[in-house]
Amino acid sequence: MRRSDLKAFDAATAHPDQVKSLDDIRRFLVIDQRMLRDRQLGRLADMEKIILLIVQSLAS
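Numbering of the sequence shown is given in this note's numbering, commencing with residue 6 and proceeding in unit increments.
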């Protein structure tokens with residue numbers, strides 16, 4: 006793992022090598038879709054200004 010990948014674990018005061026039982030998993034940070042998107046685009050784009058356009062075509 007790269008060091009930047011471990012920041013979320015450090016913030017949650019949990020680390021993968023500390024997992025010894027299923028109870029230990031409760032300390033881990035839950036990562037949702039918004040967190041992933043913010044992490045990937047947060048430094049590159051202002052999410053308030055992003056317009057999402059979805060185009061769907063159904064062929065018969």
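Using N, Cα and C, we set each Cβ at its ideal position, and we do this for glycine too.
Whole angstroms are fine: how far does the CA of Asp29 sit from the CA of Gln23? Taking the straight line joining both Cα atoms gives about 8 Å.
Once you ignore the five residues that flank Arg39 on each side, which residues in its own chain have a CB closer than 8 Å to its CB? Around Arg39: no qualifying Cβ.
With distance defined between alpha-carbon atoms, name the residue in Arg32, Leu27, Leu41 nearest to Ala16. Comparing Cα positions, the closest option is Arg32.
Tell me whether Lys12 is buried or exposed, calling it buried when 16 or more other Cβ atoms sit within 10 Å of its Cβ. Counting Cβ neighbours within 10 Å, Lys12 comes out exposed, since fewer than 16 surround it.
For the ligand SAH, is there a heavy atom less than 7 Å away from the beta-carbon of Leu27? In the structure on display, the ligand SAH does not appear, and there are no ligands present to speak of.
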